[in-house]
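Asks: Provided herewith is a single structure, encoded as structure tokens, for subsequent inquiry.
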């Protein structure tokens, strides 16, 4: 199964390694005309790769008609029918519960596939005792609603990015389907369509070097202001989303609330965030919820700007677009969402249990972020691997100030056709130097996300934070 993959040229004759330092011109009319033709409506290459190991994009056609009728209550009820029913409800037509992998990448044969592996996956194969990558036939089912596709087409000729943190001209969906810089690719991830609102459980697991673990349970409410097809907020308003979370356990921090008003440009005023501490009985501003300030619940294994693989301001890095590669990434991870994927079964020493994970070969945009001279951050360099179909960040190699690979992130991507949205659940943050890891954005054992949740703006006012209870 060897594939002598080389870097692919950027679309439209763009030059490799363009830095986001000034506003770039929008896509030309000729480039925009490719959307929905040689390119998908979101800007991915529509066709298969030359080797036939990556299929042509299928989009909505990848799913059965009944999958689009599933609602929140239906998905909860399917738990009672076992893991096969859940996988069948979510997965593309070409995937089934109990599928056998085409092949398995292990420490013993990793060199054979090195060209299609991230640095982080190569490190895990070398040092995690049970880690392996079970590779299945690739499925390309990520798609958007028609109204979002139409908006993306408009964005292609109208959206622009000043510096790294001032996007403008987009109204809904990804702003840069034909990207010209690394920063534009990251903004596509940040602004991709995920529905208009969601309530979800976000369980977090701290895993020690010996495989023992501690579990925290969090519930979140999110209103996606920019991403709401019914009333999209233009980028000129500067507000992307509202986010509210409540900690349910452990007991020592239960009842703590975090509220975030996520904006586009956070380079001057920082992030607008508030914390309510039930022990103190008051709400206070939380100015340090950003950059490499440690995430409070992660025991030092994750920084705040690693949430959702990357979030917040981009200004501390120079962003370089390296082009595309064919890489094995976690994809169509419905097996991880099945009711039998308990933490007792899933968590293993050094890595997740490979019986529940699925890897596929996909084309990804590769973006390198290098810390600017004189600027402080715990990561000197990051390399992002961004799925071309969904614009979701699938993996990140994170390097320390000695240019040594320190941490590695992977998001197990799943497309939910009834939203439609593609998102990572769970996200795993590996500390390759300590042997510990952190799992977040997981809801094993709790309800599935309610993608139909709707919230009024007033629900996210900091003045009423102390009165909020998200738990059911």
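In the numbering used here, the protein residues as written are 206 to 677. No residue lacks a Cβ here, since even glycine has one placed at the ideal position from N, Cα and C.
Distance check for residue 235 and residue 498, CA to CA, integer angstroms please.
Replies: Sequence index remark: in the chain shown, residue 498 carries index 293 (1-based). Sequence index remark: in the chain shown, residue 235 carries index 30 (1-based). Rounded to the nearest angstrom, the two C-alpha atoms are 44 Å apart.
Asks: From the DSSP output, in three-state form, read off residue 559 for me.
Replies: As a working mapping, residue 559 is identified with position 354 in the chain shown. Residue state, collapsed to three classes: coil.
Asks: Could you spell out where the beta strand (DSSP E) holding residue 406 opens and where it closes?
Replies: As a working mapping, residue 406 is identified with position 201 in the chain shown. That run of the beta strand (DSSP E) goes 402-406.
Asks: Tell me which residues share the same chain as residue 413 and place their Cβ nearer than 7 Å to its Cβ, disregarding the 5 neighbours each side in the sequence.
Replies: Your numbering for residue 413 matches position 208 in the chain shown. Answer for residue 413: 641, listed in chain order.
Asks: When you compare only the Cα positions, how much space is there between residue 547 and residue 462?
Replies: Along the chain shown, read from residue 1 onward, the residue named residue 547 stands at position 342. Along the chain shown, read from residue 1 onward, the residue named residue 462 stands at position 257. One C-alpha to the other measures close to 26 Å.
Asks: Answer yes or no: do residue 408 and residue 647 have a C-beta to C-beta separation smaller than 8 Å?
Replies: Numbered from its first residue, the chain shown carries residue 408 at position 203. Numbered from its first residue, the chain shown carries residue 647 at position 442. Their beta carbons are under 8 Å apart, which means residue 408 touches residue 647 by this criterion.
Asks: Would you mind reading off the limits of the beta strand (DSSP E) that contains residue 631?
Replies: On the chain shown, position 426 is the one that residue 631 refers to. That run of the beta strand (DSSP E) goes 626-636.
Asks: Which residues in the same chain have their Cβ closer than 6 Å to the Cβ of residue 680, if we skip the five residues on either side of it in sequence?
Replies: Here the chain has residues from 206 to 677 only, and residue 680 is not among them.
Asks: Am I right that residue 384 and residue 364 are in contact with their C-beta atoms under 8 Å? What's the rounded C-beta distance?
Replies: Residue numbering aside, residue 384 sits at position 179 when the chain shown is read from its first letter. Residue numbering aside, residue 364 sits at position 159 when the chain shown is read from its first letter. Rounded, the Cβ-Cβ distance is 10 Å, inconsistent with contact.
Asks: With DSSP run on the structure shown, which of helix, strand or coil describes residue 216?
Replies: Walking along the chain shown from the start, residue 216 turns up at place 11. Note that residue 216 has pLDDT 38, beneath the 50 cutoff, so the model's placement of it is unreliable and no number is given.
Asks: Out of 600, 628, 561, 478, point me to the one whose CA is closest to residue 670's CA.
Replies: As a working mapping, residue 670 is identified with position 465 in the chain shown. For residue 670, the nearest C-alpha among the options comes from 478.
Asks: For residue 267 versus residue 556, is the C-beta spacing smaller than 8 Å?
Replies: As a first step, residue 267 must be located in the chain shown, where it is residue number 62. As a first step, residue 556 must be located in the chain shown, where it is residue number 351. No, these two residues do not count as a Cβ contact at 8 Å.
Asks: Exposed or buried, which one is residue 378 when buried takes at least 16 other CB atoms within 10 Å?
Replies: The residue given as residue 378 occupies position 173 in the chain shown. Residue environment: residue 378 is assigned as buried (16 or more neighbouring CB atoms within 10 Å of its CB, all protein chains considered).
Asks: Take every Cβ of the region 566-579, pair it with every Cβ of the region 523-540, and state whether three or more of those distances are shorter than 8 Å.
Replies: yes
Asks: Please go through the same chain and pick out, in chain order, the residues whose beta-carbon is closer than 6 Å to the beta-carbon of residue 393, but skip the five residues on each side of it.
Replies: On the chain shown, position 188 is the one that residue 393 refers to. Contacts found: 379, 381, 596.
Asks: What is the C-beta distance between residue 346 and residue 630, in whole angstroms, given that I count them as a contact (C-beta under 8 Å)?
Replies: Start at 1 with the first residue of the chain shown, and residue 346 comes out as number 141. Start at 1 with the first residue of the chain shown, and residue 630 comes out as number 425. The C-beta distance from residue 346 to residue 630 rounds to 16 Å, too long to fall under 8 Å, and the pair is not in contact.
Asks: By Cβ distance below 7 Å, which residues in the same chain neighbour residue 437 in space, the five residues on each side in sequence not counted?
Replies: For this step, residue 437 is matched to residue 232 along the chain shown. These residues qualify, in order along the chain: 376, 377, 431.
Asks: Please report the distance separating the alpha-carbon of residue 279 from that of residue 293.
Replies: The count along the chain shown starts at 1 and reaches residue 279 at position 74. The count along the chain shown starts at 1 and reaches residue 293 at position 88. Answer to the nearest angstrom: the Cα atoms are 13 Å apart.
Asks: Return yes when the Cβ of residue 468 is within less than 8 Å of the Cβ of residue 444, no when it is not.
Replies: For the purposes of this step, residue 444 is identified with residue 239 of the chain shown, where counting begins at 1. For the purposes of this step, residue 468 is identified with residue 263 of the chain shown, where counting begins at 1. In contact: residue 444 and residue 468 (Cβ atoms closer than 8 Å).
Asks: Looking at the structure shown, is residue 242 part of a helix, part of a strand, or coil, going by DSSP?
Replies: Position 37 of the chain shown, counted from the first residue, corresponds to residue 242. In this structure, residue 242 counts as coil in the three-state DSSP scheme.
Asks: Quick one: give me the first and last residue of the alpha helix (DSSP H) that residue 362 is part of.
Replies: Residue mapping note: residue 362 aligns to position 157 of the chain shown, counting from 1. For residue 362, the enclosing alpha helix (DSSP H) stretches over residues 351-363.
Asks: Three-state secondary structure (DSSP) at residue 281?
Replies: The count along the chain shown starts at 1 and reaches residue 281 at position 76. Here residue 281 sits in helix by DSSP.
Asks: Can you give the Cα-Cα distance for residue 635 and residue 535, rounded to whole angstroms?
Replies: The residue you call residue 635 lines up with position 430 of the chain shown. The residue you call residue 535 lines up with position 330 of the chain shown. Cα to Cα, the separation comes out at about 15 Å.
Asks: Is the region 450-461 touching the region 657-669 in the sense that three or more CB pairs, one from each, lie closer than 8 Å?
Replies: no
Asks: Use the C-beta contact count for residue 402: other C-beta atoms within 10 angstroms, 16 or more gives buried, fewer gives exposed.
Replies: Position 197 of the chain shown holds residue 402. Buried, since its Cβ has 16 or more Cβ neighbours within 10 Å.
Asks: Check each candidate in 516, 508, 260, 482 and name the one with the smallest Cα separation from residue 343.
Replies: Within the chain shown, numbered from 1, the residue matching residue 343 stands at position 138. When only C-alpha atoms are compared, the closest one is 260.
Asks: Can you check which of these residues, 594, 553, 554, is closest to residue 567 by C-alpha distance?
Replies: Start at 1 with the first residue of the chain shown, and residue 567 comes out as number 362. In this structure, 594 is the residue among 594, 553, 554 with its C-alpha nearest to the C-alpha of residue 567.
Asks: So which of 355, 396, 350, 351 has the shortest CA-CA distance to residue 372?
Replies: Mapped onto the chain shown, residue 372 falls at position 167. If we check each option's Cα against that of residue 372, 396 comes out closest.
Asks: Comparing C-alpha positions only, which one of 307, 356, 315, 328 sits nearest to residue 341?
Replies: Numbered from 1 along the chain shown, position 136 holds the residue referred to as residue 341. Ranked by Cα distance from residue 341, the options 307, 356, 315, 328 are led by 307.
Asks: Along the chain, which unbroken stretches of the alpha helix (DSSP H) at least 4 residues long are found entirely within the region 570-656?
Replies: Unbroken alpha helix (DSSP H) stretches of 4 residues or longer found wholly inside the region 570-656: none.
Asks: Determine the direct distance from the alpha carbon of residue 327 to that of residue 638, and round the result to whole angstroms.
Replies: If you number the chain shown from 1, residue 638 lands on position 433. If you number the chain shown from 1, residue 327 lands on position 122. So the alpha carbons of these two residues sit roughly 14 Å apart.
Asks: Pick out whichever of 309, 255, 348, 354 has its Cα sitting closest to the Cα of residue 265.
Replies: Residue 265 sits at position 60 when you count from the first residue of the chain shown. Nearest C-alpha to residue 265: 348.
Asks: What number of angstroms, rounded off, separates the C-alpha of residue 227 from the C-alpha of residue 387?
Replies: Here residue 227 corresponds to residue number 22 of the chain shown, with the count starting at 1. Here residue 387 corresponds to residue number 182 of the chain shown, with the count starting at 1. With a pLDDT of 49 at residue 227, under the threshold of 50, the predicted position of this residue should be treated as unreliable, though the coordinate-derived value follows. About 12 Å.
Asks: By a C-beta neighbour count over all protein chains shown, 10 Å radius and 16 as the cutoff for buried, is residue 532 buried or exposed?
Replies: Position 327 of the chain shown, counting from 1, holds the residue named residue 532. Buried, because 16 or more other Cβ atoms sit within 10 Å of the Cβ of residue 532.
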